[in-house]
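By the count of my numbering, the sequence shown reaches residue 761 at its end, each step adding exactly one. Yeah, the Cβ is synthetic: ideal placement off N, Cα and C, and Gly gets one too. For clarity, every value in this text was computed on a predicted model and none was experimentally measured. Written out below as structure tokens is the structure these notes cover.
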Amino acid sequence: MQTAGVLVVTIDNAPVNALSADVRGGLMAALAAAEGDAEIRAVVVTGAGKTFIGGADIKEFGKPPVEPMLPAVIDRLEGFSKPVVAALNGAALGGGLEVALGCHHRIAASGAKLGLPEVKLGIVPGAGGTQRLPRLTGIPAAIDIIASGRMVPAAEALSLGIVDAVATENLLDAAVAAAADLAGKSLRRTAELAVPTSTAEENEAAAAKARARAKGQTSPLEAVRLVLATQNAAFADGIADERATFLRLRDSQEAAALRHVFFAERAAAKVEGLEGVEPRPVSTIGVVGTGLMGSGIAVAALDAGYTVIGIEQTSEAAEKGKERITALLDRNLKSGRIDAKGKAERLSRLIVSGNIGNLAKADLVIEAVFDDLDVKTLLFQRLDGIVRPDAILATNTSYLDPDVIAAATQHPERVLGLHFFSPANVMKLLEVVRGAKTLPDVLATGLAVARKLNKLPIVTGVCEGFIGNRIFSAYRREAEFLLEDGALPQDIDAAMEAYGMAMGPFAVFDLAGLEIAWARRKRQAATRDPAARYVDIPDRLCEAGRFGQKSGRGWYRYVDGKRTIDPAVTELIEASRAAKGLTPRAIDADEIVSRLLKAMADEGQALLAEGIAARASDIDLVMINGYGFPAYRGGPMFAAAAKAGAA
Ligand code: 3H9
């Protein structure tokens with residue numbers, strides 16, 4: 115399209131205008147046409163739909179390269195003799211932002227988001243991002259943006275100098291006007307700009323923060339190195355280094371794992387049997403029980419804009435629940451996530467009381483009461499008679515059978531499980547449990563609400579522990595076998611933490627507390643298969659009053675919250691092995707990791723065979739988002755398959 119001597123080039127490659135070979139070729143062709151046409155004095159590049167450009171086409175990674183390559187396209191844009199203005203109509207990510215950085219002027223729509231999220235795919239920007247962005251923002255801000263991969267809102271992009279203007283009215287009109295205005299003037303080419311000065315301390319502070327956040331991942335460290343190099347290196351040398359690093363990382367195991375996670379997240383959204391099913395409208399959510407879990411759920415719902423009706427057994431308990439919810443909001447106020455107005459507005463949408471009849475107004479009720487079957491079934495029977503006929507009932511149980519809870523109601527078809535992870539207002543994972551009788555639109559509503567709560571919902575069938583806790587039980591079992599075989603808790607934790615787990619298994623057990631698992635083992639004692647291997651060390655630990663971090667002693671001793679190795683635990687383990695006549699042997703970190711991975715992956719295969727999980731990648735997402743499994747290893751199913759492939 116051409117207006118007043120300005121050629122508007124619109125990238126139209128649904129769904130996200132990724133920079134496929136056709137798009138790159140199309141851009142080159144448009145520039146060639148503009149160059150040869152004396153009528154055209156300037157060019158505007160924009161995107162069709164709600165995205166500017168979502169980046170390089172991730173689906174092309176791993177395929178043979180097709181000319182023109184993106185860096186060449188951007189060089190051509192930047193070196194173009196006529197002004198090129200980027201009109202950022204929506205997300206400008208990765209290669210998309212790099213295209214914009216190569217233009218001579220950038221205008222963003224107020225809702226546009228900019229970012230270089232390559233590190234989230236295990237790579238670094240490969241078309242100039244690490245070299246051009248610092249020339250606009252300075253080094254510390256560029257390190258922050260590139261090494262975190264975060265999205266930068268348009269207003270912040272303006273204040274950082276990434277864009278030259280934010281359009282208040284029609285973006286395209288503003289871009290065309292800017293382009294026409296620049297025609298014939300000298301052009302500002304990002305590559306030619308000097309990097310704004312910052313002190314060595316400022317640079318190092320930003321780098322140190324980014325390195326700490328990387329937690330064992332390679333690509334953020336490389337991104338930091340490349341940005342820091344802009345202090346001294348010539349642009350062309352920096353670009354050559356960036357490109358070589360990009361190509362090396364693109365073919366790494368880390369990148370393959372993170373690409374798997376990217377596509378896994380998109381695949382998880384596609385749930386069998388829900389094609390074309392409309393979710394029910396939900397604007398008011400009831401939360402029964404406002405303890406640790408319930409208050410977190412209430413805050414997540416308030417953050418997402420829902421009206422929340424909290425229910426407790428008495429008005430005194432309701433008062434305490436409201437205090438807990440307010441305290442969580444205060445924490446977010448203190449950290450700057452919300453402001454005072456935001457807090458007040460959220461509280462205006464909250465009622466907590468001892469009057470269960472208030473739930474008559476709820477569209478969805480989530481129970482988060484004590485995890486006891488009698489307590490939950492009684493509650494659901496009551497709720498069934500209180501809520502509207504079309505309202506949905508959800509249980510937050512971790513281990514009980516939602517079908518049994520549903521069967522206590524007249525309408526089991528409107529019951530599902532919504533299994534949150536603690537702290538519920540922070541953790542991304544939400545297991546959405548499809549009961550035997552759950553209606554498709556009830557499940558679809560659970561998923562829609564989960565997404566609005568900014569969660570990653572994963573659908574699971576019914577079994578003890580659902581996907582996550584079942585895999586975690588297998589992990590726990592194998593970790594205990596390792597103890598008997600010769601490893602100590604600190605060896606196992608060190609191996610798994612070096613592998614990338616947020617915390618080793620024994621540190622996690624101590625954090626969660628040991629008594630719930632102990633109670634479960636006692637309950638199961640009568641029905642346990644006597645021939646199955648059973649490790650009694652955790653029982654001995656609990657009998658000795660060691661219940662984990664809360665009691666100051668568990669698998670470790672805790673001094674001022676810091677875990678230290680306790681010789682008493684080593685003695686206890688050795689005594690237990692001796693009592694069973696076991697001879698311990700040295701077990702190295704590689705064997706520890708391999709065995710624990712295999713235990714998780716085998717249990718995952720069982721979940722797939724039983725139809726509890728729909729796909730292996732769903733299991734990976736559960737373990738990454740709920741249990742601290744490192745995303746850059748791709749999840750236990752991916753990692754075990756990769757290890758088997760490499761062996
Ligand atoms: C890069 O740019 C490297 C360069 O530095 C150097 C190159 C030399 N490619 O997320 P959605 C698909 S690396 C291919 O549900 P939304 C996605 O799979 C790239 N496909 O939409 C899905 O397909 P399906 C850096 C892509 O509106 C569909 O689009 N860029 C790509 O919620 C819809 O996706 C990024 O990392 C892609 N780049 O969010 C950005 N992106 O329907 C990654 C998406 O078959 N993308 N698809 O399942 C995003 O963050 C979001 O997709 C976006 C839209 C915010 C753009």
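task = Buried or exposed for P516, please, with buried defined as at least 16 other CB atoms from any protein chain shown within 10 angstroms of its CB.
result = As a first step, residue 516 is located in the sequence shown; it is residue number 402 there, counting from the start. Its Cβ being crowded by 16 or more others within 10 Å, P516 is buried.
Own chain residues within Cβ distance below 6 Å of L447, not counting five before or after = Numbered from its first residue, the sequence shown carries residue 447 at position 333. Counting only Cβ-Cβ distances below 6 Å, and skipping sequence neighbours, we find K457.
query = Which residue from A703, Q604 and A382 puts its Cα closest to that of S731?
reply = Taking the sequence shown and counting its residues from 1, the one referred to as residue 731 is at position 617. Across the set A703, Q604 and A382, the C-alpha of A382 shows the shortest separation from the C-alpha of S731.
Endpoints, alpha helix (DSSP H) assigned at Y648 = One-based indexing of the sequence shown puts residue 648 at position 534. For Y648, there is no enclosing alpha helix (DSSP H), as DSSP marks it with neither H nor E.
Three-way DSSP call (helix, strand, coil) for S467 in this model = Along the sequence shown, read from residue 1 onward, the residue named residue 467 stands at position 353. S467 falls in the strand class under three-state DSSP.
query = Between A383 and the ligand 3H9, is the CB less than 8 Å from at least one heavy atom?
reply = Position 269 of the sequence shown, counting from 1, holds the residue named residue 383. A heavy atom of the ligand 3H9 is found nearer than 8 Å to the CB of A383.
ask   = Cβ-heavy atom distance between V130 and the ligand 3H9 below 8 Å?
value = Taking the sequence shown and counting its residues from 1, the one referred to as residue 130 is at position 16. In terms of side-chain proximity, the C-beta atom of V130 is found nearer than 8 Å to a non-hydrogen atom of the ligand 3H9.
request  = Indicate, with yes or no, if the ligand NAP has a heavy atom lying under 8 Å from the CB of P197.
outcome  = In terms of ligand content, the structure shown lacks the ligand NAP and carries the ligand 3H9 instead.
query = Any idea what DSSP makes of F535, helix, strand or coil?
reply = Taking the sequence shown and counting its residues from 1, the one referred to as residue 535 is at position 421. DSSP places F535 outside both helix and strand once states are collapsed to three, so it counts as coil.
query = Quick one: what does DSSP say V94 is sitting in, helix, strand or coil?
reply = As displayed, the chain neither begins before 115 nor continues past 761, which places residue 94 out of reach and without an answer.
key: Three-state class that DSSP yields for G243 in the structure shown   = Position 129 of the sequence shown, counting from 1, holds the residue named residue 243. In this structure, DSSP gives G243 a helical state, which the three-state scheme calls helix.
inquiry  = Out of A508, V518 and L514, which one is the CA nearest neighbour of V529?
reply    = Numbered from 1 along the sequence shown, position 415 holds the residue referred to as residue 529. Distance check between V529 and each of A508, V518 and L514 places A508 closest, using alpha-carbon atoms only.
inquiry  = Between which residues of its own chain and G387 is the CB-CB distance below 7 Å, once the five residues before and five after are set aside?
reply    = On the sequence shown, residue 387 is found 273 positions in, with the first residue counted as 1. Apart from the 5 residues on each side of it in sequence, G387 sits with its Cβ closer than 7 Å to the Cβ of P554 in its chain, given in chain order.
query = At which residues does the alpha helix (DSSP H) containing G780 begin and terminate?
reply = Missing from the structure shown is residue 780; the chain here goes from 115 to 761 and no further.
query = In angstroms, rounded to a whole number, what distance separates the CA positions of L451 and V540?
reply = Counting from 1 along the sequence shown, the entry for residue 451 is found at position 337. Counting from 1 along the sequence shown, the entry for residue 540 is found at position 426. First, the amino acid is wrong: residue 451 is Arg here, not Leu. CA-CA distance, R451 to V540, rounds to 12 Å.
query = What is the DSSP secondary structure of E545, counted as helix, strand or coil?
reply = Walking along the sequence shown from the start, residue 545 turns up at place 431. Three-state DSSP puts E545 in a strand.
query = Would the beta-carbon of G176 be found less than 8 Å away from any heavy atom of the ligand 3H9?
reply = For the purposes of this step, residue 176 is identified with residue 62 of the sequence shown, where counting begins at 1. Every heavy atom of the ligand 3H9 is 8 Å or more from the Cβ of G176, so no.
request  = With Y741 as the anchor, note down where its alpha helix (DSSP H) starts and where it stops.
outcome  = Translated into the one-based positions of the sequence shown, residue 741 becomes position 627. Segment A730 to Y741, the alpha helix (DSSP H) holding Y741.
query = Terminal residues of the continuous beta strand (DSSP E) containing V277?
reply = Indexing the sequence shown from 1 puts residue 277 at position 163. No beta strand (DSSP E) holds V277; DSSP gives it neither H nor E.
ask   = Using 8 Å as the Cβ pair cut-off and three pairs as the minimum, do the region 543-552 and the region 565-584 touch?
value = As far as the Cβ criterion goes, the region 543-552 touches the region 565-584, which means the pair count is three or higher.
key: Distance CB(M615)-CB(F743) smaller than 9 Å   = Against the sequence shown, residue 615 aligns to sequence position 501. Against the sequence shown, residue 743 aligns to sequence position 629. Going by C-beta atoms, M615 is nearer than 9 Å to F743.
request  = Kindly indicate the opening and closing residues of the alpha helix (DSSP H) around F623.
outcome  = What you label residue 623 is simply residue 509 of the sequence shown in a count that begins at 1. Residues P619 to A626.
request  = Using beta-carbon positions only, say whether T251 and A205 come within less than 9 Å of one another.
outcome  = Start at 1 with the first residue of the sequence shown, and residue 251 comes out as number 137. Start at 1 with the first residue of the sequence shown, and residue 205 comes out as number 91. Not in contact: T251 and A205 (Cβ atoms no closer than 9 Å).
inquiry  = Measuring straight from C-alpha to C-alpha, what distance separates G405 and A474?
reply    = Position 291 of the sequence shown, counted from the first residue, corresponds to residue 405. Position 360 of the sequence shown, counted from the first residue, corresponds to residue 474. Roughly 22 Å between the two C-alpha positions.
key: Bounding residues of the beta strand (DSSP E) (the contiguous stretch that carries L145)   = On the sequence shown, position 31 is the one that residue 145 refers to. For L145, no beta strand (DSSP E) segment is defined; the enclosing uninterrupted segment is the alpha helix (DSSP H) at A135 to G150.
ask   = Between A170 and K323, what straight-line distance do the alpha-carbon atoms span, to the nearest angstrom?
value = In the sequence shown, counting from the first residue as 1, residue 170 sits at position 56. In the sequence shown, counting from the first residue as 1, residue 323 sits at position 209. In this structure, the alpha-carbon of A170 lies about 27 Å from that of K323.
task = Compare the C-alpha of K177 against each of S134, A639 and A758 and name the closest.
result = Counted from its first residue, the sequence shown places residue 177 at position 63. For K177, the closest C-alpha among the options S134, A639 and A758 is that of S134.
query = Going straight from the alpha carbon of A132 to that of I125, what length do you get?
reply = Along the sequence shown, read from residue 1 onward, the residue named residue 132 stands at position 18. Along the sequence shown, read from residue 1 onward, the residue named residue 125 stands at position 11. Cα to Cα, the separation comes out at about 9 Å.
task = Buried or exposed for P179, please, with buried defined as at least 16 other CB atoms from any protein chain shown within 10 angstroms of its CB.
result = Start at 1 with the first residue of the sequence shown, and residue 179 comes out as number 65. The residue in question, P179, is exposed, as its Cβ has fewer than 16 Cβ neighbours within 10 Å.
request  = Name the two residues that bound the continuous alpha helix (DSSP H) containing V213.
outcome  = Position 99 of the sequence shown, counted from the start, is the residue given in the question as residue 213. Here the alpha helix (DSSP H) through V213 covers G209 to G216.
inquiry  = For A505, tell me which candidate among L202, D477 and A520 has the shortest Cα-Cα distance.
reply    = Translated into positions along the sequence shown, residue 505 becomes position 391. The closest CA to that of A505, considering only L202, D477 and A520, is found on D477.
inquiry  = Please report the distance separating the alpha-carbon of A418 from that of L532.
reply    = Within the sequence shown, residue 418 is the residue found at index 304, counting from 1. Within the sequence shown, residue 532 is the residue found at index 418, counting from 1. Cα to Cα, the separation comes out at about 16 Å.
request  = Could you tell me if the beta carbon of F99 falls within a distance shorter than 8 Å of some heavy atom in the ligand 3H9?
outcome  = With the chain covering only 115 through 761, there is no way to say anything about residue 99.
Pairwise C-alpha distance: R394 and Q524 = Position 410 of the sequence shown, counted from the start, is the residue given in the question as residue 524. Position 280 of the sequence shown, counted from the start, is the residue given in the question as residue 394. Distance between the alpha carbons of Q524 and R394 is about 20 Å.
inquiry  = For a minimum of 3 consecutive residues, which ranges assigned as the beta strand (DSSP E) are wholly contained in the region 505-529?
reply    = Within the region 505-529, complete beta strand (DSSP E) segments of at least 3 residues are found at 506-509, given in chain order.
task = Just the C-alpha distance for L211 and A350, rounded to the nearest angstrom, thanks.
result = The residue you call residue 211 lines up with position 97 of the sequence shown. The residue you call residue 350 lines up with position 236 of the sequence shown. Taking the CA atoms as reference points, L211 sits about 19 Å from A350.
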